[in-house]
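Scroll down for the structure; my scribbles are underneath it.
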Amino acid sequence: MPPELSPVAAASRDAVVAGLPELSAVGRTLVMGVVNVTPDSFSDGGEWFSPEAGVAHGLELLGDGADILDIGGESTRPGAARVPEEVELARVLPVIERLAAAGAVVSVDTTRATVAERAVAAGARIVNDVSGGLADPAMGRAVAETGAAYVCMHWRGRSDVMDSLEVYDDVVADVRDELAARLAALEADGVRREQVILDPGLGFAKAGDLNWPLLAHLDVLQSHGRPVLVGASRKRFLGWLLATGQGDAPVPAPPRARDDATAAVSALSAAAGAWGVRVHAVRASHDAVRVAAAWLNVASSGRGNVASEREVST
Ligand code: PMM
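Here is the structure:
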């Protein structure tokens, strides 16, 4: 049985996020469904590329239980080249407008301040910046002005160079400290702490085994007092965990064969007090976070409640 949430984990999970009151009321770890409107994302590239397909996919994810839809128009796949800003805008804005109009809580996955501002004007309520404000020096001020919630992910450099930036003394402490530096820089730009959600940036300048300590020590990131979002879905480190073949010739499991492992990470992240999980296959993770919530509720209220519930239902 997972232990009761530590005070640090509970305070992080339940910390208020500016502008998202209805999500606080959900009372469990949130599920952010991924809508990549790109021809080349690493795990679902090309499938939802037209605006119509992106909107249809977003609606399907809502039906599967997504609490948030994360719309991205630029791939962060390892080695991916940049797309021009106009192209990114043309990809994401129509999808954001229509999904926000349909009542979804929409997030925009972008590293560009202009795209963030235009996306918020089109109805996005969360800016999900995989660069934590490092890619565009105007991002902090843009986020401060919009007042939107902001996912500040740990990042060291773009996809084309990130594999050369995987040098850490202690990956957990280094990510904690680098996120603290980003938090301070954002606050200096006028962003309120209440706007910020932190993310360890799994897979970004972190090869295989560097990701597990971050998952196992979410409490270290939670010590900043801000909610933590976990993005493990279909990532390479899960592919290597599930690899077939032996010795010198292991073959990583392909992205779609990583969905069950992703749901397992969602359950464990929820049990550790993650604020949210960012996933491609929403239904399984929605089930997983509900299992964790039921489990945690009993763990925190004591065994007696299990017996009395059983008596009532039999
Ligand atoms: N990973 C990807 C893209 N955006 N955003 C956050 N906050 N956290 C992540 O881990 C993250 C992200 C890369 O995955 P994708 O290409 O499948 O979207």
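Numbering (my numbering), first residue to last: 18 to 331. Note that beta-carbon positions come from the ideal geometry of N, C-alpha and C, so glycine has one too. If you're wondering where the values come from, they're calculated on a predicted model, not measured in any experiment.
Item to check | CB contact flag (D206, G262, <9 Å) | outcome: no
Item to check | Own chain residues within Cβ distance below 6 Å of V270, not counting five before or after | outcome: The displayed chain sequence assigns Ala, not Val, to residue 270. Closer than 6 Å at Cβ, skipping near neighbours: G256, L259.
Next on the checklist: Give me the residue from A139, T131, R108 with the minimum Cα distance to V122.
Outcome noted: A139
Item to check | T46 versus Q239: straight-line alpha-carbon distance, rounded | outcome: 14 Å
Checklist entry - Hey, out of G71, A26, R210, L285, whose CA is closest to W229's CA? => result L285
Checklist entry - So the beta strand (DSSP E) D87 belongs to, where does it begin and stop? => result 85-89
Next on the checklist: Could you tell me which whole alpha helix (DSSP H) segments of length 4 or greater appear in the region 156-194?
Outcome noted: 156-163
Next on the checklist: I believe G157 touches A198 by the beta-carbon criterion, under 8 Å. Please report the beta-carbon distance rounded to the nearest angstrom.
Outcome noted: Not really, about 13 Å apart at Cβ, beyond 8 Å.
Checklist entry - Are F221 and T128 touching if we call contact CB-CB under 9 Å? => result no
Next on the checklist: With a threshold of 8 Å (Cβ to nearest heavy atom), would F66 be considered close to the ligand PMM?
Outcome noted: no
Checklist entry - From T55, F66, P38, V100, pick the residue whose C-alpha is nearest to that of D84; which is it? => result P38
Checklist entry - Any idea what DSSP makes of R295, helix, strand or coil? => result strand
Next on the checklist: Please report the distance separating the alpha-carbon of V299 from that of D153.
Outcome noted: 30 Å
Checklist entry - Can you round the beta-carbon distance between V306 and V109 to whole angstroms, since I take them to be within the 8 Å contact cut? => result Not confirmed; about 26 Å, so no contact.
Next on the checklist: Using 8 Å for Cβ pairs, my map puts G290 next to L22. What's the rounded Cβ distance?
Outcome noted: 5 Å
Checklist entry - Roughly how many angstroms lie between the CA atoms of R115 and G264, to the nearest whole one? => result 49 Å
Next on the checklist: Looking only at its chain, what residues have a beta carbon closer than 7 Å to the beta carbon of N145, apart from the 5 residues adjacent to it on each side?
Outcome noted: D87, S124, V125, D126, V168
Next on the checklist: Using a Cβ-based criterion (distance less than 8 Å to any ligand heavy atom), does D206 qualify as near the ligand PMM?
Outcome noted: no
Item to check | Chain-order list of residues whose beta-carbon lies under 7 Å from that of E326 (same chain, five-residue window excluded) | outcome: With a pLDDT of 45 at E326, under the threshold of 50, the modelled position of this residue cannot be trusted; read the value that follows with caution. So no residue of the chain qualifies.
Checklist entry - With a Cβ-Cβ cutoff of 9 Å, do S29 and H171 count as a contact? => result no
Checklist entry - Is the beta carbon of V189 less than 9 Å from the beta carbon of V237? => result yes
Checklist entry - Exposed or buried, what is A288 when buried is set at 16 or more other beta-carbons lying within 10 Å of its beta-carbon? => result buried
Item to check | Closest by C-alpha distance to E8, when choosing among R275, A161, K223, Y185 | outcome: Because the chain spans 18 through 331 in this model, residue 8 falls outside it and cannot be assessed.
Checklist entry - Within 10 angstroms of its Cβ, does M18 collect 16 or more other Cβ (buried), or is it exposed? => result Caution applies to M18, whose pLDDT of 48 falls short of 50 and renders its modelled position unreliable; the value that the coordinates give is listed next. Its Cβ having fewer than 16 others within 10 Å, M18 is exposed.
Next on the checklist: So, under 8 Å CB-CB, V147 and G218 are touching, yes? Tell me the CB distance rounded to an integer number of Å.
Outcome noted: 7 Å
Checklist entry - What residue from R173, A233, W312 has the CA that sits closest to Y185's CA? => result R173
Next on the checklist: Please report the distance separating the alpha-carbon of A165 from that of I214.
Outcome noted: 11 Å
Checklist entry - Tell me which same chain residues have a C-beta within less than 6 Å of the C-beta of F254, skipping the five on either side of it? => result G225, N228
Next on the checklist: What does the Cβ neighbour count give for P244, buried or exposed, with the cut at 16 atoms within 10 Å?
Outcome noted: buried
Next on the checklist: Classify D276: buried if its beta carbon has 16 or more other beta carbons within 10 angstroms, exposed otherwise.
Outcome noted: buried
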